[in-house]
Amino acid sequence: MDPWGRTTVAALVEEGERVLEGAGIPAARLEAEVLLARRLGVERSGLLARWTDPVPPAAGDGFRGDLHRRASRYPIQYITGMQEFHSLEFEVDERVLIPRHETEMLVDAVLERAPREGPVTIVDVGTGSGNIAVTLAMRLPGALVFACDLSPAALDVARRNAERHGVADRVRCLAGDGLQPALAEGLGGRADFVVSNPPYIAEHELDGVQPELSHEPRMALSPGPDGMSVTRSLIEAASAVLRPGGWLFVELSIGCADRALRLLGTALWESVLVAPDIQGIPRVLGARRRA
932 MDPWGRTTVA
942 ALVEEGERVL
952 EGAGIPAARL
962 EAEVLLARRL
972 GVERSGLLAR
982 WTDPVPPAAG
992 DGFRGDLHRR
1002 ASRYPIQYIT
1012 GMQEFHSLEF
1022 EVDERVLIPR
1032 HETEMLVDAV
1042 LERAPREGPV
1052 TIVDVGTGSG
1062 NIAVTLAMRL
1072 PGALVFACDL
1082 SPAALDVARR
1092 NAERHGVADR
1102 VRCLAGDGLQ
1112 PALAEGLGGR
1122 ADFVVSNPPY
1132 IAEHELDGVQ
1142 PELSHEPRMA
1152 LSPGPDGMSV
1162 TRSLIEAASA
1172 VLRPGGWLFV
1182 ELSIGCADRA
1192 LRLLGTALWE
1202 SVLVAPDIQG
1212 IPRVLGARRR
1222 A
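Structure below.
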């Protein structure tokens, strides 16, 4: 409180930290600051300069409402409507999976092998928010990216993000299952890259994941009883879309690397690799289509 009994920025941050800590949120202080900064319409870094300022009642009420939602383990990204990915901001809501840091490895794998100038054709399967497709279009000025998803609702979000970042003319959103939309577009044997972060959590494993995941689209998390089913279908179909010498990159679930590697026959694939994430977990499977 300030000398006139009004609630200050400092008091609300401290209140928010207590509430979120009590709910088991690890980064309670950080998230309280993020939520309050959003309600005040400032950057989080700007809170310190306003530390002793009174908070308008409407902003304080909105902040406490956000705290209640976050304390129920509703994802903070859905509350703020934004998530950073590869140093870019993406709009997210319950129609799409929240982009994760480890998925940036797929983008990096393509960037390491794609020409920085000249045409590049990329197919992103299960695009969701469009984070992979839009980032690649941003980083590769000559890229044409086909963003495929089974969910029309997810594609609406992807289109918004493509427009947000000024690459809507080079990110084409296609509705359909797996690589079928790309084949329907006449991309058979033409793509330089196929990338995907497919659903890979087996249905029976969903009960053991963090509570926030219950709010994310189930079809983007789990393909059903067999966590490898979508990955298997993708590997089987990718050679029909890739040109000779084109690359396939797929994000892997924990413990699935060996099974995924066995799906890559030597008659079709070469330069096979599995890249670990920062925790040492095999995270990205890569393979190049033989000539």
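Be aware that the sequence shown starts at 932, since it is given in the numbering used here, and climbs by one per residue.
We put the CB at the ideal spot given by N, CA and C, even for glycine.
Taken in chain order, the whole alpha helix (DSSP H) runs of length 4 or more contained in the segment 1046 to 1102 are 1062 to 1070, 1083 to 1095. Exclusion of the five residues before and after R1026 leaves S1082, A1084, A1085, D1087, V1088, P1148 as the residues of its chain whose Cβ lies within less than 8 Å of its Cβ. Taking C-beta separations shorter than 7 Å and ignoring five residues to either side along the sequence, the partners of D984 in its chain run T939, V940, following chain order. Each residue's CA atom was taken as its position, placing R1000 and H1032 some 23 Å apart. A Cβ-Cβ separation of about 5 Å places T1066 in contact with V1038 under the 8 Å criterion. The shortest CA-to-CA distance from L943 to any of R1095, E964, A958 is the one to E964. When DSSP states are grouped into helix, strand and coil, L1037 belongs to the helix group. V940 carries a helical assignment under DSSP once its states are collapsed to helix, strand and coil. When secondary structure is reduced to three states using DSSP, P1112 falls in the helix class. A residue is called buried once 16 or more other Cβ atoms fall within 10 Å of its Cβ, and V1126 is buried on that count. If the five residues before and after V1161 are omitted, its C-beta is found closer than 6 Å to the C-beta atoms of P1129, P1130, P1154, all from its own chain and listed in chain order.
Per DSSP, E1015 lies in no alpha helix (DSSP H); the unbroken beta strand (DSSP E) holding it starts and ends at 1013 to 1016.
Using a Cβ-Cβ distance cut-off of 8 Å, the segment 1180 to 1198 and the segment 1164 to 1171 are in contact, since at least three pairs of beta carbons, one from each stretch, lie closer than that value. As computed with DSSP, E1020 is found in a beta bridge with E1015. About 4 Å separates the CB atoms of N1062 and P1030; that is less than 8 Å, so the two are in contact. Ranked by how close their Cα comes to the Cα of A1188, the residues E1015, R1214, D1080 have R1214 in first place. Excluding five sequence positions before and after L1071, the CB atoms of its chain that fall closer than 6 Å to its own CB belong to A1045, V1051, given in chain order. If the five residues before and after R975 are omitted, its C-beta is found closer than 6 Å to the C-beta atoms of E964, V965, A968, all from its own chain and listed in chain order. Boundaries of the alpha helix (DSSP H) around E964: 959 to 971. In the same chain as V1023, and ignoring 5 residues on each side of it, the C-beta atoms closer than 8 Å to its own belong to Q1008, Y1009, G1012, M1013, Q1014, I1029, P1030, S1060, V1088, in chain order.
For E1020, same chain residues with a beta-carbon under 7 Å away, outside a window of 5 residues either side, are M1013 in chain order.
For P1156, DSSP records no beta bridge to any residue. Bounds of the alpha helix (DSSP H) holding R995 are 988 to 1002. In this model, A1064 and L1118 are separated by some 16 Å (Cα to Cα).
Contact check for L1114 against V1056 fails: the beta carbons are separated by 8 Å or more. Taking a 10 Å sphere around the C-beta of R1047, we find fewer than 16 other C-beta atoms and assign the residue as exposed. In summary, S1170 is buried, with 16 or more beta-carbon neighbours lying within 10 Å of its beta-carbon over all protein chains present.
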